[in-house]
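S.K.: Here it is, the structure in full.
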Amino acid sequence: MKLYTSKRAPNPRRVRWVMAEKNITDVEIIEIDIMSGDHKTPEYRSKVGVPHVPALELDDGTTISESVAIGRYLESMYPEPNLFGHDAREQAIIEMWTRRCEFYLANPLMLNVRHSHPALAALEGVQVAEVAEYNRVWAERFMRTLDRQLADHAFIAGDRFTIADIVATIGLDFARLVKVRPPEDLVALNRWYETCRARPAASAGA
Ligand SMILES: N[C@@H](CCC(=O)N[C@@H](CS)C(=O)NCC(=O)O)C(=O)O
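Last residue of the sequence shown: number 220 in the numbering used here, and the count goes up by one each step with no gaps.
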């Protein structure tokens, strides 16, 4: 298998983190320089279908994009430690939180950074300050939801570390580029965030 990835980009980092948690080492890493447009070449587009990283190319030539879909595929190949749930109930709860973390935290924070960090102007084209601020406000609202959840649970989807924690931690880490941090009064969220950042696998692809 080959993983098309890009240093410091948040979505490929999700896959690198999953691989590190599972100690997956037999995947060839292919660096794509998105700032130079490597992901927009006709070859890359025809292989992956979209100008995005990450993408996982299987030995039969099938290519999977979408970081969470890749993570799910890797989980089926390398089941332990489990990150996506053991049974139907747990899988649904983890997916619910993962989708919430993508839609209401990671994506808004990504748009905040893309519309406010000078280095990302080249990727975004036109940066709109109002878009950055609107998304920051929405992300902060969801941080408050997460803080309430984490007041009663060690991790986002319950009592153990899952893909939802990876998605949320990387979303928050990316926002540090523009100095957006969880407000200090969100004590449970900040406690959980430091726990996740301290995991050895957190540095993979960061
Ligand atoms: N939902 C996709 C998002 C993929 C994505 O947007 N990746 C970014 C890097 S983090 C990218 O390829 N950006 C290229 C561009 O904006 O031109 C996933 O989870 O994989």
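We treat Cβ as the ideally placed atom computed from N, Cα and C, and that holds for glycine.
Run through the DSSP bridge pairs and tell me what E57 is partnered with.
M.R.: Paired residues: none, contrary to the question.
S.K.: Report yes if the C-beta distance between D179 and F169 is below 8 Å; otherwise report no.
M.R.: yes
S.K.: Below 7 Å, is the gap between the Cβ of V142 and the nearest heavy atom of ligand 1?
M.R.: no
S.K.: Pull up the distance between the alpha-carbon of R190 and that of Y92, whole angstroms please.
M.R.: The straight-line gap from Cα to Cα measures roughly 31 Å.
S.K.: What is the DSSP secondary structure of G99, counted as helix, strand or coil?
M.R.: coil
S.K.: Looking only at its chain, what residues have a beta carbon closer than 6 Å to the beta carbon of F156, apart from the 5 residues adjacent to it on each side?
M.R.: Y118, L119
S.K.: Thinking C-alpha only, which one of P132, D73, V181, A135 is nearest E121?
M.R.: Reading off the sequence shown, one finds Asn at residue 121, where the question assumed Glu. It is V181.
S.K.: Using 7 Å as the cut-off, classify the Cβ of I44 as near or not near the heavy atoms of ligand 1, replying yes or no.
M.R.: Judged by the Cβ position, I44 fails to qualify as a neighbour of ligand 1 at the 7 Å threshold, every heavy atom of the ligand being at least this far.
S.K.: Rounded C-beta distance between T19 and R30? I'm assuming under 8 Å.
M.R.: Right, the Cβ-Cβ distance comes to about 7 Å (below 8 Å), so this counts as a contact.
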